[in-house]
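Participant: FYI, the numbering for the sequence shown is 1 to 546, going by our numbering. C-beta atoms are modelled at their ideal positions from N, C-alpha and C, and glycine is treated no differently. If you're wondering where the values come from, they're calculated on a predicted model, not measured in any experiment. Take this structure first; my questions come after.
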Amino acid sequence: MFEDASFDERARPVILAVHSGTPSEDDLEDAALIEYDPSPAMLESTARWMRIRDDLTAEGFTPTEILRVFLRAVSLAYDMPGPTTEMLAWMFTEASGTEVAREVCEHQIALGQAPVPPGARRWHLDRAGAIAAARLACDGGLDPRFDRLLVEAIAPLPVVRAALAALPMERREALVLSAMDRMNFAAAMLDWLLATRDLVDTPAVTAARTRLIAEPPEGDRMRALIAEEARGTPRPIHPRPTPAAREALQYLRDKRANERRAAELGPLAERMWERRVIFVEAPELRSVAAWEAAGERRSEQIAATVVTALGPEFSLIGLRSFGGPPIAVLSRRGVRFCLVPGGGVDVGLSPEEEAEIRDAADQREEWEEDYTLLDKVDLMRPLTHVKVGPMVVAQAPSPPLPPHEATDELEKSPLRLPSEAEWEYLARGGLGHRLTYRGPGVPDSKEWFEAIEALGVDGANMFGLYGFGFQPEPCTDVFHPGHDGLPADGLPRRGAGPRVVKGGAAHCYPWQGCGEWHLLLSAMRTPQTAWEYALAPRFVIAIRTA
Numbered sequence: 001m002f003e004d005a006s007f008d009e010r011a012r013p014v015i016l017a018v019h020s021g022t023p024s025e026d027d028l029e030d031a032a033l034i035e036y037d038p039s040p041a042m043l044e045s046t047a048r049w050m051r052i053r054d055d056l057t058a059e060g061f062t063p064t065e066i067l068r069v070f071l072r073a074v075s076l077a078y079d080m081p082g083p084t085t086e087m088l089a090w091m092f093t094e095a096s097g098t099e100v101a102r103e104v105c106e107h108q109i110a111l112g113q114a115p116v117p118p119g120a121r122r123w124h125l126d127r128a129g130a131i132a133a134a135r136l137a138c139d140g141g142l143d144p145r146f147d148r149l150l151v152e153a154i155a156p157l158p159v160v161r162a163a164l165a166a167l168p169m170e171r172r173e174a175l176v177l178s179a180m181d182r183m184n185f186a187a188a189m190l191d192w193l194l195a196t197r198d199l200v201d202t203p204a205v206t207a208a209r210t211r212l213i214a215e216p217p218e219g220d221r222m223r224a225l226i227a228e229e230a231r232g233t234p235r236p237i238h239p240r241p242t243p244a245a246r247e248a249l250q251y252l253r254d255k256r257a258n259e260r261r262a263a264e265l266g267p268l269a270e271r272m273w274e275r276r277v278i279f280v281e282a283p284e285l286r287s288v289a290a291w292e293a294a295g296e297r298r299s300e301q302i303a304a305t306v307v308t309a310l311g312p313e314f315s316l317i318g319l320r321s322f323g324g325p326p327i328a329v330l331s332r333r334g335v336r337f338c339l340v341p342g343g344g345v346d347v348g349l350s351p352e353e354e355a356e357i358r359d360a361a362d363q364r365e366e367w368e369e370d371y372t373l374l375d376k377v378d379l380m381r382p383l384t385h386v387k388v389g390p391m392v393v394a395q396a397p398s399p400p401l402p403p404h405e406a407t408d409e410l411e412k413s414p415l416r417l418p419s420e421a422e423w424e425y426l427a428r429g430g431l432g433h434r435l436t437y438r439g440p441g442v443p444d445s446k447e448w449f450e451a452i453e454a455l456g457v458d459g460a461n462m463f464g465l466y467g468f469g470f471q472p473e474p475c476t477d478v479f480h481p482g483h484d485g486l487p488a489d490g491l492p493r494r495g496a497g498p499r500v501v502k503g504g505a506a507h508c509y510p511w512q513g514c515g516e517w518h519l520l521l522s523a524m525r526t527p528q529t530a531w532e533y534a535l536a537p538r539f540v541i542a543i544r545t546a
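Right, here's the structure in full:
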């Protein structure tokens, strides 16, 4: 039954095609009508399997064949979530006769005498057994041997309620009490009893409820259930759609809208690229050497000119030294910015940096998982020399925002996102090959835990900037698996798709020895799709010199 692979060859392409897409609004609406588990994840999964059912029907599968495909997917998940309980129940009702249901029940009874399969797989098989037993009960054909299957899954499913209603009261009572014996928590027991109260209200079951209510309540959930018991009103069982399903549906609609807005970050960043620029007659800004040679007086004049070009929101704090040439520090709405001269940078992982990592890996054999980076070095190759222009840069990234809000912030800001080449130039502080923005050497976790706690201007690089590698900072560039074809003039790589994100190690805190420190590398890069919950833009504005 569950091992039957006869439909895999025909069904697998259909299932993969559906799971590679996103359920439509209509799919989700339809799923809300049958959804008994109202969580957004289950609602979305049900919508996908409804579409799979429709597509298999279009391919010529009969309802019974589709049911067998679904049962096969219960234990062989096709590299993705299997059918939800609701979809299994639906397919059992659509399939003609009860032959398949009886096969499932016989399989589960036989499994009870065999070695127990792994936990997750056993759970999926148990819920299939409960639904199959319910199907037999509703047809009046439930063998007493299969009674226990109704409560194996420990859930007051609507299909189980329907089955209980089809059984004699004596068997209902035995099943409800049997389910309680399998539960460990008073709240779960009382919830089960309240869900079946209108079907089984015998003296033995009433006594069980009374015992549970007499115990001191543990937690808000138990107190709420006791209050429900006191009201004595039968629980409405899953009106369609349930309020919770409607709430989950709205959550998914909002999530879709946010995902669409987050996907607009890249195209918006490209449009902002040419608009977020100021013009200043200051050739001294073209290189670090020229800026350093300009002298303090000329540097102050240039900084004042830059502030004037930026507009009234910006003010000049003054020149500050961060271990290199004086850097002009500016302020806008309480956020500090630095005036950074242009220069050259080698974008990507240099041979020297790779050698540092390999040496560290050789010395820490017990931390093999911490060096999976060595399998991904092609993402940071080839090493490409790029010329970057001067710019005004936020000293630190903004606080983390949901990606759709990061898009909103970019749209409102007079600034733009850096290109990936600009970001690496800024992170390396004009000092060429630096494994992380804090310098050479592979960090150990203790050292970097302390660094995370001590983030601030005291850790700034030569440009007066800090925090590189900690927050996930988006760039204008579309993500490409490598640096071949990277523009040599600091421009972003354009195109459709997710953007490059640099950094993000603080979002993996505390580290678990699985390579989280890789995100601190100046050369490390990940696609925007890896950062569903937060982005922390570091805004810049370009300066063009005469």
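1) Which one of Val340, Glu354 and Asp359 has the shortest CA to CA distance from proline 382?
2) Taking three-plus beta-carbon pairs below 8 Å as touching, is the region 491-507 in contact with the region 521-529?
3) Could you tell me how far apart the beta carbons of valine 74 and histidine 124 are, in whole angstroms, since I believe they sit closer than 8 Å?
4) Between the C-alpha atoms of valine 205 and leucine 193, what's the straight-line distance to the nearest angstrom?
5) For a test of the three-state rule: what should DSSP assign to threonine 545, helix, strand or coil?
6) Does serine 20 come out as helix, strand or coil in the three-state DSSP assignment?
7) In terms of alpha-carbon separation, which member of Leu43, Leu415 and Gly141 lies closest to proline 241?
8) So is phenylalanine 470 buried or exposed if we call it buried at 16+ other beta carbons inside 10 Å?
9) Which of the three DSSP states is assigned to arginine 211 in this structure?
10) Taking 7 Å as the threshold (C-beta atoms), are arginine 223 and proline 217 in contact?
11) Can you tell me where the beta strand (DSSP E) holding arginine 494 begins and where it ends?
12) For threonine 308, is the classification buried or exposed, using 16 other Cβ atoms within 10 angstroms of its Cβ as the cut-off for buried?
13) Classify alanine 289: buried if its beta carbon has 16 or more other beta carbons within 10 angstroms, exposed otherwise.
14) Alpha carbon to alpha carbon, how far is aspartate 489 from phenylalanine 463?
15) Residues in the same chain with beta-carbon distance under 8 Å from arginine 10, minus the five sequence neighbours each way, listed in chain order, please.
16) What is the rounded straight-line gap between the Cα of glycine 430 and the Cα of valine 14?
17) Three or more C-beta pairs closer than 8 Å, one from the region 273-293 and one from the region 331-347: is that the case here?
18) Tell me which same chain residues have a C-beta within less than 7 Å of the C-beta of glycine 141, skipping the five on either side of it?
19) Going straight from the alpha carbon of leucine 88 to that of valine 540, what length do you get?
20) Quick check on glycine 459: does DSSP put it in helix, strand or coil?
21) Please check the pair leucine 177 and alanine 208, which I expect to be a contact at CB under 8 Å, by giving their CB distance rounded to whole angstroms.
22) Measuring CA to CA, which of Thr384, Ala396, Trp423 and Gln301 is closest to arginine 332?
23) In or out: asparagine 461 buried (at least 16 other Cβ within 10 Å) or exposed?
24) Identify the residues that DSSP records as bridge partners of arginine 161: which are they?
Facilitator: Let me lay it out:
1) For the purposes of this step, residue 382 is taken as residue 382 along the sequence shown, with counting starting at 1. Checking every option, the nearest Cα to that of proline 382 belongs to Glu354.
2) yes
3) What you label residue 74 is simply residue 74 of the sequence shown in a count that begins at 1. What you label residue 124 is simply residue 124 of the sequence shown in a count that begins at 1. Right, the Cβ-Cβ distance comes to about 5 Å (below 8 Å), so this counts as a contact.
4) By 1-based counting over the sequence shown, the position of residue 205 is 205. By 1-based counting over the sequence shown, the position of residue 193 is 193. So the two alpha carbons sit approximately 8 Å from each other.
5) Position 545 of the sequence shown, counted from the first residue, corresponds to residue 545. Threonine 545 falls in the strand class under three-state DSSP.
6) Position 20 of the sequence shown, counted from the first residue, corresponds to residue 20. Looking at serine 20 - three-state DSSP - the assignment turns out to be coil, as it is neither helix nor strand.
7) Residue mapping note: residue 241 aligns to position 241 of the sequence shown, counting from 1. For the residues Leu43, Leu415 and Gly141, the minimum Cα distance to proline 241 belongs to Leu43.
8) The count along the sequence shown starts at 1 and reaches residue 470 at position 470. Flag for phenylalanine 470 reads buried.
9) Position 211 of the sequence shown, counting from 1, holds the residue named residue 211. In the structure shown, arginine 211 sits in a helix (DSSP, three-state: H, G or I).
10) Taking the sequence shown and counting its residues from 1, one reaches residue 217 at position 217. Taking the sequence shown and counting its residues from 1, one reaches residue 223 at position 223. For proline 217 and arginine 223, yes; Cβs fall inside 7 Å.
11) Here the question's residue 494 lines up with position 494 in the sequence shown. Counting along the chain, arginine 494 falls outside any beta strand (DSSP E), and DSSP gives it neither H nor E.
12) What you label residue 308 is simply residue 308 of the sequence shown in a count that begins at 1. Classification for threonine 308: exposed.
13) As a first step, residue 289 must be located in the sequence shown, where it is residue number 289. By the neighbour-count rule (16 or more Cβ atoms within 10 Å), alanine 289 is not buried but exposed.
14) Within the sequence shown, the letter at position 489 stands for residue 489. Within the sequence shown, the letter at position 463 stands for residue 463. Roughly 20 Å between the two C-alpha positions.
15) Working through the sequence shown from its first residue, we reach residue 10 at position 10. Hits under 8 Å: Glu59 and Phe61.
16) Taking the sequence shown and counting its residues from 1, one reaches residue 430 at position 430. Taking the sequence shown and counting its residues from 1, one reaches residue 14 at position 14. Glycine 430 and valine 14: Cα-Cα distance of roughly 52 Å.
17) yes
18) The residue labelled residue 141 in the question sits at position 141 within the sequence shown. If we look at glycine 141 and ignore the five residues flanking it on each side, its Cβ neighbours are Thr98.
19) In the sequence shown, counting from the first residue as 1, residue 88 sits at position 88. In the sequence shown, counting from the first residue as 1, residue 540 sits at position 540. Going from the Cα of leucine 88 to the Cα of valine 540 covers about 53 Å.
20) Here the question's residue 459 lines up with position 459 in the sequence shown. Looking at glycine 459 - three-state DSSP - the assignment turns out to be helix.
21) Along the sequence shown, read from residue 1 onward, the residue named residue 177 stands at position 177. Along the sequence shown, read from residue 1 onward, the residue named residue 208 stands at position 208. Contact flag correct, Cβ pair sits at about 7 Å.
22) For the purposes of this step, residue 332 is taken as residue 332 along the sequence shown, with counting starting at 1. It is Ala396.
23) For the purposes of this step, residue 461 is identified with residue 461 of the sequence shown, where counting begins at 1. That one is buried.
24) Mapped onto the sequence shown, residue 161 falls at position 161. Answer is none; arginine 161 lacks a bridge partner.
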